[in-house]
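Student:
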Amino acid sequence: MTTSASGTRPDDARRHNRAALLRRLHVDGPTTRATLAGELGLNRSTIKSVVDGLAETGVVTEAVPARRTGAGRPSLLVLPEPQSAVVLAVDVRVDQVALAMVGIGGQILGRHSWNLHRTTRLPGEVITHVAESVALLRDELGVDEQGAGVSIPGVVRRSDGLVREAPNLGWRDVELGARLAAVLGRPVQVANDAELGALAEHLRGVGRDVADMVYLSADVGVGGGVVSGGKPLRGTGGYVGELGHLLVRPGGRDCFCGASGCWETEVGEPALCRALGLPEDTPRGVLVAELRALSADPRAAELLAGYAGWMAAGLVTVVNMLAPEVVVLGDLFAALPPAVTDRVRADVERRSLVSRAVGGTRIVASPLGRDGALVGAAELAFEPVLGAV
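The opening residue of the sequence shown carries number -8 in the working numbering; numbering runs sequentially from there.
1) Starting from S104, follow the beta strand (DSSP E) in both directions and report where the run begins and ends.
2) Where does H108 land, buried or exposed, given buried means 16+ other C-beta within 10 angstroms?
3) Is the stretch 223 to 243 touching the stretch 276 to 288 in the sense that three or more CB pairs, one from each, lie closer than 8 Å?
4) I need the boundaries of the beta strand (DSSP E) containing E53, first residue and last residue.
5) Taking the alpha carbon of G140 as the point to measure from, which residue in G44, G300, L79, P56 has its own alpha carbon closest?
6) Among R0, P1, N8, which one has its Cα closest to the Cα of A379?
7) Report yes or no: do the stretch 102 to 119 and the stretch 293 to 302 share at least 3 C-beta pairs separated by less than 8 Å?
8) Skipping 5 residues on each side, what residues in its chain have a beta carbon closer than 8 Å to that of V117?
9) Please state the DSSP three-state secondary structure of A46.
10) Hey, how far is the Cα of S142 from the Cα of G321?
11) Grouping DSSP H, G and I as helix and E and B as strand, with all else coil, what is M(-8)?
12) Tell me Q87's beta-bridge partners as DSSP assigns them.
13) Which residue or residues does DSSP assign as beta-bridge partners of A421?
14) For V349 and V201, what's the separation of their Cα atoms in angstroms?
15) Taking the CB atoms as reference points, tell me whether M204 and V317 lie closer together than 8 Å.
16) Taking C-beta to C-beta, are V310 and A191 nearer than 8 Å?
17) Going straight from the alpha carbon of R336 to that of V376, what length do you get?
18) Closest to T119 by C-alpha separation, out of G49, R353, A172, would be which residue?
19) Here's the rule I'm using: 16 or more other beta-carbon atoms within 10 Å means buried, otherwise exposed. How should D3 be labelled?
20) What residue does the alpha helix (DSSP H) around N8 start on, and which one ends it?
21) When the distance is taken between beta carbons, is V211 closer than 8 Å to N183?
22) Which partner residues does A26 have in the DSSP bridge list?
23) Identify which residue in E340, V319, D43 has its Cα closest to the Cα of L359.
24) State the DSSP-derived secondary structure class of L128, mapped to helix, strand or coil.
25) For S357 versus G196, is the C-beta spacing smaller than 8 Å?
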């Protein structure tokens, strides 16, 4: 990554170096010019030129570190200015929509959310409410977003943001990307929620520096995102990650997808409610509170033994197929009592040939909680923006 590569035009090289430096600051945070030169493989004069140019336009600033070590004058830190590049992140769930304005560096500048009910889940209703909320945030924060990323619990065509099918929302063939772009007046990218959860974990969570990772999230349904060789696995047309529809129980419960016996019918939110003796429509807050209370109960693993067994049944297949170094449990799965997760981990290690071969696949809870898909939606929107700042 140098400016002297053969055949590289100076303007192209400058844009490339600028984008690389911004991505480094955006993902990994403030650092010194010397560190940037070493990590990006650029000489100090090039780094000086890039940083000075970004500082002149207000994209970065330089400051003395809060903590000083050693004697002498400390090196200045290069920091991204959050409001110099802002994107909109939207996470559409079965029961709620959350959105946030996010500045470069990952700082959330403002956010808003509202609950969804059957009468307000229609695509037009959601789009209208998103547009109204964005207008309020623009006025409140005094910023304009340069692009938007949207998370959807369904099958999404990445090329144009067509929601082919989101069964738990009741959506089919919704041109969400085009419709939102027309309303917002900004480029909009749309992707599956679990894929974006995986992106968030890979860049900002427990999957950092992990080349092969699977992210699993549970809401009403179950989704999966895969990072392979350090890059998101997207499949043909962007359709990948519907791990919740693995067949684990032939002749089992009917699934929203039209099949029966899918993994999500045994480990999704309604299944977890049943396992706890709660009605399937128990509010999310009540369910999470029950799980937290159960975390201190020594009987937790036994009380949820059946649920843990179905969790392991699907995970054994996932691990044998994809051989990840880490499986990250997100959203509702991250709220499971540690004793239950430990039981699932032990069962997978015992039953998975691949896990035994690699010395055990790590199964860990996400630190991002319910914000995983929202963080991933922001990162999706930043991908083209960082190259254009």
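C-beta atoms are modelled at their ideal positions from N, C-alpha and C, and glycine is treated no differently.
Tutor: So, to answer that:
1) 98 to 106
2) exposed
3) no
4) 51 to 54
5) L79
6) N8
7) no
8) V83, V88, L107, T111
9) helix
10) 15 Å
11) Its pLDDT being 41, under 50, M(-8) is placed unreliably by the model, and nothing is read from it.
12) N106
13) Any answer about residue 421 is impossible in this case: the structure gives the chain only from -8 up to 380.
14) 15 Å
15) yes
16) no
17) 39 Å
18) A172
19) exposed
20) 1 to 19
21) no
22) Correcting the residue type first, residue 26 is Thr in the shown sequence and not Ala. Paired residues: none, contrary to the question.
23) V319
24) helix
25) yes
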